[in-house]
Amino acid sequence: MPWLSSLLALPLLGVVVLLFIPGSARGLIRWWANGVLLAGLALALPLWQHFDRAVIGYQFVERVPWIPSLGAQYLLGLDGISLLLVLLTALLGPLASLASWNAIEDRTKEFYAMLLLLQAGMIGLFLALDLLLFFVFFEVVLVPMYFLIGIWGAERRLYAAIKFFLYTLAGSVILLLGIIGLYWLGTQQLAHPTFELPELLKLKLPLDAQRWLFWAFFAGFAIKVPMVPFHTWLPDAHTEAPTAGSVLLAGVLLKMGTYGLIRFSLPLFPEAAREAAPLLAILSIVAILYGALISLVQTDWKRLVAYSSVSHMGFCTLGIAALNANGLAGSVLQQINHGISTSLLFLLVGFAYERRHSRQIADYGGLAVVMPRFAFVFAVAVFSSAGLPLLNGFIGEFVILQGAFTANRTWAAFAVLGIVLGAAYLLWLYQRTMLGDLRHEANRGLADLSPREWATVLPLIALALAIGLYPQPYFAVLERPVLELVGRLAR
Amino acid sequence: MNLDVFFFYAFTSLALGGGLLAITRRSAVHAAIALMVSLLGVAGLYLLLQAEFLFVSQIIVYIGGILLLFLFVIMLVNLDAGKGLRQFHKNWPLGAAVTALAGIALAVLLSRAQLPPPQQMPATGNVELVADTLFQDYLVPFEVASLLLLVAVVGSVLLARKRA
Amino acid sequence: MISTMHYVAVSLAMLLIGTVGLLTRRNIVIILMSIELILNAVNINLVAFSKHHGNAAGQVFAIFVIAVAVAEAAVGLGILLALFRNRETVQVDEIDLLKW
Amino acid sequence: MSHFYTDVDHFALLPAIILALFGCAIFLFDALLEARTRRWQLCLVLPGLAITGWQLWKQGQVGPFTAFHGALTIDPFSLFFNWLFLLTAALVALISYRYLEIENEHQGEYYGLVLMAQAGAYFLATGTELITLFIGLETMSLSFYVLVGFLREKRRSNEAALKYLLLGAFSSGILAYGFSILYGIAGTTYLSDIAVAVAARPAFDPLTLIAILTIATGVLFKISAAPFHMWAPDTYEGAPTAVTAFLAVGSKIASLALLLRLFLGPLASAREAWEPLMVLAAVASLTVGNLAAITQTSAKRLLAYSSIAHAGYLLLGLIAGNSTGLQGIAIYTGAYVFMTIGAFLVLIAVHGDEIEDLNGFARRHPAYAIPMVVFLLSLAGLPPTAGFLGKYYIFLALIESGRYTLALVGAVYVAVSLFYYFRLVRSMFLLPTSLTVPPVPTSLGLRIALGATGFVTLGAGLYPEPFLQLAARSLLK
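Residue numbers (my numbering), protein chains in the order written: chain A, 10 to 500; chain B, -17 to 146; chain C, 116 to 215; chain D, 217 to 693.
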C-alpha cells in the first residue's frame, strides 16, 4: 500500500468531497472535516510501530517520475526526523479543527477546506525527498494560511495575512534560486538532472558554491523559523490568526524552517554550515533573549505566546548551530515539544477568547476560581513551555544545552539565561490570568472546559507528560539520522 | 556647381524646411500645406535617385490622397478652432531632449558608418524593374498588403460611421 | 558629388523632425503628420539604398511603406472622427504621449 | 502552377488565406444579422480557426521548409507561435460576445478584425523577410487600433485607440527605419542573407548599431517593455476588456516572435552590442511594471503594469541566450496566454475595472473567484501553476549562464508582484461586498474559456511534462 501517498491524499480527497457538501449543512461539514483529519491521524499512528529504528536512510519510499524533463520526481520517504514531525502534524491537524468547532460561524465550508488543504501541504512537505516537490509544498502551504488569517482572523487580519505571505515568499524565492543553483551544479556533476536529495548529497561542492547556496537556503528557512532579524511577521500573524491558524502556524509551519535547515542546509553544505554555525548561534541566542524580554512586557495574551515562540524557536536553532548529536537531536525533540506546548497555549487562549472576546491580560485574573480545570491545564501548558522537569520542555532544552555546552560554553550560558527569563514571563502570565481574585465581574460566569475542549487538550497533555517522563523512544527514532548527519558534518 | 548637387540641396531644403514648418505651425491647415511642400521635396529626391515610379506614387498617393484626407478631416472637425490653445505639451522639453540625445547618438554613429561597395542598377526601366521585383520576390507582402488595406477600410468606416 | 550617405543624413534629419513633432505637439492631426514625416524618412533611406545596391527591393519596400502610411492615416483619422463626436476638440490633454 | 507560386508556397500561405477568407465572410455576413443574432458569427469564427488549426497541423507533419524564396519559413518556431495565436483568438472570441452585447457594441466586424489580426500575426511568426514582417506587423497593429477603439461611444475607448495608434505608428516608423538600415547593410530584405552580411561586419559596427537601436526601440514598444511602455496602461484601461486581453496576449507574443526572429536571426552575431540594451530594458520593465502596479486602483491598469513586468521576464530569457532560456520563453509565453486571458475574463465577469469592484466577489461567484486565485498565483509565479514553470526556466537559464544578479532581481520582484496580485484576492475574498453590484455577464463562452484557461494553468503546473515536451520541441531547432 502506498502508505505515505494515502496520508497525503486523504485530506485532499476530503476537500474534494467537501466541495460537494452544500455550505448550509454546517454540521455535516464539521463532522466530515474532523472525521477526515482524525482518519489521517489513525492512518499515521501505525507508522510509529512499523518504522524500523535500526535502518539508515529513508523508509516507506515511494517514487514516481513527475517531470522527467527536469528530473523531478514524486519522491516520498521518512526517516526519524520527518517521522516525528509528520506524527505531530497528523495530531495537531484534528486538534486544531476540533478546537474550531464553535468558533467558525462564517463561511464554515471554506474554513474546513482551507484547513484540509493546509494539512495536505504540511504533511507533503515533511514527506518530500525531492527538492522541487519540497519547494512546491513549501509554497502551497502559504495560500490556505493566508486565507485562514485573512478571512477568519482578528481586527488587523488583512495586514497580518499579507505580511505573513510576503515575508515567507521573499525568503522562498531566494530559496528557489538556491535550489536552482544546486540543481545546476548537480546536473553538471551527476550528468543527469535530479532534485533527489540522496543523489544531491553525493555532490562534491566547492566551498565557494556551498557558501552562496547555504545562504540562499538560509534566507528561505530563517524567515520561516523565524530567526531574529526576520521575525517581525510572526507576532502579527499569530495574534491575528484564528485559533486553528495559530495552532498550526506555531505547531507546524515554524518547523518547516528548522526542518529545512536540518534536512537540507546542513547535510548539503556541511562546510559552509560549519562556517556559519557561530553566526547562527548568535542569532539564536539573540532570539532567545529578545523573544523572552519582549514577552515580559506584552499586555496581549496571544501576542505574549507568539513572542515566546520566537524565544523557543531560538533554542531549536541553537541546537542546530551546535552541529553535534545532542544539539541536533535536542533540536528536533524541542520542535516537537514546542509544537505541543505552544499549541496547548494557543488552544487555551482561544478558549478564553471564545468566552470573553478579549485578549488583554488585564481583562482576566483569578480565572482559577471559576475555571479550575482550565487553570490546571493551563498550568501544565505553562510548565511544559517553561521547561519544568518531568515535562517535555525540560528534556528538549536540556539536551540542546548539553549540545551547545559542548560546542561553546558561552552560548550555553546565555541560553540558560533565556530559560530563566522564559520561566519568569510564563509564570507571571499565569499569575496575572489565573491566580488572585476575580477582578472582573464579566469573568464570574465563565464556564469551565467542555468535553470537546477536553478532547482537544488531553492528547497534548498526555504527550507532554509522556515525553517528559520517558523520552528514550523519541531519541531512539532520531538516533540514526542524527548520527548520520553529524558524520557528514564532521567530514 | 554640379546640377545634381544643386537639386539635391534644393529638394533637401524643401523636404526638411517643409517638415520643420509642418510641426511648428499653429494652424493645422498651414501645417498641411507645409507638409505638402516637404513631401514634394522628398518626391524630388526620389527623382534624383532615379526612382521614377516612386516619384509618381509619392505625388499621387501622398499629395493627392493622404494630404487631401488630412485637409478633409481638418475642415470637417474645424480643427483650427483650437488655434488659440497651448500648442505644445507641458513636458515638451523632455520630448525634445530625448530626441536630441537620440539624434546626436545616431548622427555620431552615422558619421562613422561604412556602406558596402555600391552596385550598378540594371539597365531596364525603373517601372519594369519595380514590377519584376514586386511580383517575383515580394509576392507575399503584396498579397498581405491587400489585407492591410481591407482592415484600414473596414476599420475607418466602422469608427467614423454614425451609430445606426 | 552626392553620395548615398548624404541621403541617409537627410533621412535622419527628417526622422528627428518627425520625432520632435510627435513628442511635443498636442494637436493630433499634426502628430499624425509627424508620423508621415517619419515614414518619409524611412523611404528616403530605402530608395537611396536601393540605388546604392543596384536592386529595386528598397523601392518595393518604399511602396509598401506608402501603403502603410495611407492605412494608418485612414484609421487614425477615423478614430479622430469618432473621438470628435464624443468631444468637441482635438487638443487633447489626456492624450499625453509621454505620460507613464 | 506558375514558377512563382508553387504548391509549397500555397501550403505555407494557406492558414493566412483561410483566416482572411473567413474574416471577409464575417464582414459580409454581418449585414444579414440583427443585433441579437450576431453571436451566430461565432459559427464562422470557430470553424475558421479550426480549419486553420488543421492546416497548421498538416504543416507540422512535414519538416521545416521555406516558401516564396525564403520569405516564409515554416518551422517549429512558427508553428509554436501560430498555435498560440490560434488559441488566443479562439479564447478571445469566446469571452467577447456577451461583453459586447452588454456594451451595446456587438458588431460583426469585431470577429473579422480578430481574424485579420491573427492573419497579420501569422506573418510575424512565419515571415523571414523584412517587408513581409513589416506588413504583417502593420496588418495586426491596424486591426488592434480599431479593436481598441471599438466602443465608439465611449471617450475612454476613443482616446485609448488614438494614443495606441499614435505611439504604435511611431514605433512602426522607427522599426521601419531600422529595417531600412538593415537593407542598407545587406542590399536584400531576406533575413538569412542579412544574417550573413551582418556577421561579416566588425563588432560594434556603427550601421549595425543604428539598426539595433532603432529595431530594439520599435519592438520593445510593441511588447510594451520599459522604457517604451507608456502607451500600455492607458490603452489597456480604455480598451474593451476582451480586447485588452487580446492585446496583452496576442499582440505581445506576436511582437515577441518578431523580436526573437530578428535578434536570434540576423542580429544574433551582434549579441554583445544588443545584450546590454536588453538588460537595461528588462530590468527597467521589471522595476517600472512591478512598482507602478502597486499603486494602481484600477484592476485593468494593474494587469497592464504587470504585463510590462512579464515583458521583462521574457527579455531575461532572451538575455540568458542559451537553450534553456529559449525553452523558458516558450513555456513562459504558453503559460502567459492562459493565465492572462483567464485573469481578464474574470474581470469581464466582474463587469468592473476598479479593484473595488471586486470586493466580495468570492461570496457571490466563487466559481470565478477561485480560478482567479489560480491565475494570479500563476501570474506571480508560484507553484503549482504554469507560471511557476516559466519563471523556473528563466531563472535556471540565467543561473546556467552565470547571470546571478539578474536572477536575483527577477526573483525579488516575484515577491513584489505577489503583493499587488493579492490585492485582488484581498478584494475578492477578504473584503465585504460593495453596495452596487453590477450584473455578471456570464455566458457559455465565458464559462468554456474559464474552464480551459483554469485547467491549463493549474494542470500544467501539477503535471507539466507534456507541456515541457511541447515547448522543448518548439523553439529549439
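Cβ coordinates follow ideal geometry from the N, Cα and C atoms, glycine included.
Run through the DSSP bridge pairs and tell me what residue i is partnered with.
{"i": "A:N452", "result": "Looking at the DSSP assignment, A:N452 forms no beta bridge with any residue, so it has no partner."}
{"i": "D:T289", "result": "D:T282"}
{"i": "A:Q369", "result": "A:D309"}
{"i": "D:Y393", "result": "DSSP, once it has assigned bridges, lists no residue as partnering D:Y393."}
{"i": "A:F513", "result": "Because chain A in this structure spans residues 10 to 500, residue 513 of chain A falls outside the shown range and cannot be described."}
{"i": "B:G23", "result": "BP columns for B:G23 are empty, so no partner."}
{"i": "D:E570", "result": "D:S514"}
{"i": "A:E205", "result": "A:D139"}
{"i": "B:F70", "result": "C:R140"}
{"i": "D:Y406", "result": "D:E345"}
Cutting at 8 angstroms between CB atoms, please list the residues of its own chain near residue i, excluding the five before and the five after it.
{"i": "D:G550", "result": "L300, A602, G606, A676, F683, L686, A687"}
{"i": "A:I303", "result": "Y316, V319"}
{"i": "A:R500", "result": "P279"}
{"i": "A:L138", "result": "Y67, V70, L84, L85, G86, E205, L206, P207"}
Span of the alpha helix (DSSP H) holding residue i?
{"i": "A:L138", "result": "Here A:L138 belongs to no alpha helix (DSSP H), and DSSP marks it neither H nor E."}
{"i": "A:Q68", "result": "From DSSP, A:Q68 is part of no alpha helix (DSSP H) but of the beta strand (DSSP E) over 68 to 76."}
{"i": "C:A172", "result": "172 to 201"}
{"i": "D:G264", "result": "258 to 277"}
{"i": "A:Q82", "result": "Unbroken run through A:Q82 is the beta strand (DSSP E), 81 to 87; no alpha helix (DSSP H)."}
{"i": "A:E488", "result": "481 to 499"}
Check the C-beta distance from residue i over to residue j and give it rounded, since I have them as a contact under 8 angstroms.
{"i": "D:G434", "j": "D:A376", "result": "Their Cβ separation, rounded to whole angstroms, is 21 angstroms, which puts D:G434 and D:A376 out of contact at 8 angstroms."}
{"i": "A:L356", "j": "A:V391", "result": "Not a contact, Cβ separation roughly 13 angstroms."}
{"i": "A:L430", "j": "A:A301", "result": "4 angstroms"}
{"i": "A:L447", "j": "A:G359", "result": "Wrong, their Cβ atoms sit about 21 angstroms apart, outside the cutoff."}
{"i": "A:G80", "j": "A:P238", "result": "Not confirmed; about 35 angstroms, so no contact."}
Along the chain, where does the beta strand (DSSP E) containing residue i start, and where does it finish?
{"i": "D:A283", "result": "281 to 283"}
{"i": "B:Y(-9)", "result": "Where B:Y(-9) is concerned, there is no enclosing beta strand (DSSP E), although the alpha helix (DSSP H) it sits in stretches over -15 to 6."}
Might you give, ordered along the chain, the residues of its own chain that have their beta carbon closer than 7 angstroms to the beta carbon of residue i, omitting 5 neighbours on each side?
{"i": "D:Q512", "result": "L518, Y521"}
{"i": "D:S359", "result": "L329, M332, A333, G336"}
{"i": "D:L674", "result": "V590, T601"}
{"i": "A:L52", "result": "S15, L16, L19"}
{"i": "A:G402", "result": "N346, S350, S393, S394, A395, G396"}
Does chain E have any CB closer than 8 angstroms to the CB of residue i?
{"i": "D:R580", "result": "The chain labelled as chain E is not found among the protein chains of the depicted structure, namely A, B, C and D."}
Excluding five sequence neighbours on each side, which residues of the same chain lie with their C-beta closer than 6 angstroms to the C-beta of residue i?
{"i": "A:C325", "result": "T267, S340, Q343, Q344"}
{"i": "A:V26", "result": "none"}
{"i": "D:A464", "result": "S523, T556"}
{"i": "D:S643", "result": "I571, L574, N575"}
{"i": "B:A29", "result": "Here the sequence assigns Leu to residue 29 of chain B, which means Ala is not the residue at that position. Correct list, in chain order: F37."}
So residue i contacts chain C; which residues on that side make the cut at Cβ distance below 7 angstroms?
{"i": "B:V38", "result": "Correct list: empty, because the minimum Cβ distance to chain C is about 11 angstroms."}
{"i": "B:M103", "result": "K166, G169"}
{"i": "D:S396", "result": "V157, N160, L161, F164"}
What does residue i touch in chain A if you count any residue whose Cβ is under 9 angstroms from its own?
{"i": "D:P482", "result": "Residues of chain A passing the Cβ test: none, with the nearest at roughly 31 angstroms."}
Find the residues of chain A that neighbour residue i, judging by a C-beta separation of less than 7 angstroms, and give them in chain order.
{"i": "D:E572", "result": "Correct list: empty, because the minimum Cβ distance to chain A is about 15 angstroms."}
{"i": "D:A631", "result": "L175, L178, A179, V182"}
If the cut is a Cβ gap below 7 angstroms, which residues of chain B does residue i touch?
{"i": "C:N160", "result": "Within 7 angstroms Cβ-Cβ: nothing; C:N160 doesn't reach chain B, min ~11 angstroms."}
Mind listing the chain A neighbours of residue i? Cutoff is C-beta to C-beta under 8 angstroms, in chain order.
{"i": "D:L612", "result": "I189, Y192, W193"}
{"i": "D:P599", "result": "F144, V145, E148, V149"}
Which chain C residues are close to residue i, counting only those with a beta carbon under 9 angstroms from its beta carbon?
{"i": "D:A470", "result": "By Cβ distance, chain C contributes nothing, its closest Cβ being about 17 angstroms from D:A470, past 9 angstroms."}
Strictly below 8 angstroms CB to CB, what residues from chain B border residue i?
{"i": "D:G324", "result": "Those within 8 angstroms of D:G324 in chain B number zero; the least Cβ separation is about 10 angstroms."}
{"i": "D:G328", "result": "V136"}
Report the neighbours of residue i on chain D: residues whose CB is nearer than 9 angstroms to its CB, in chain order.
{"i": "A:L167", "result": "R642, L646, L647"}
{"i": "B:V112", "result": "Per Cβ cutoff of 9 angstroms: no residues; B:V112 is ~13 angstroms from chain D at best."}
{"i": "C:V175", "result": "I347, T405"}
Examine the ligand SAH and report whether any of its heavy atoms sits within less than 7 angstroms of the Cβ of residue i.
{"i": "B:V43", "result": "What this structure holds is no ligand at all, so the ligand SAH is not there to describe."}
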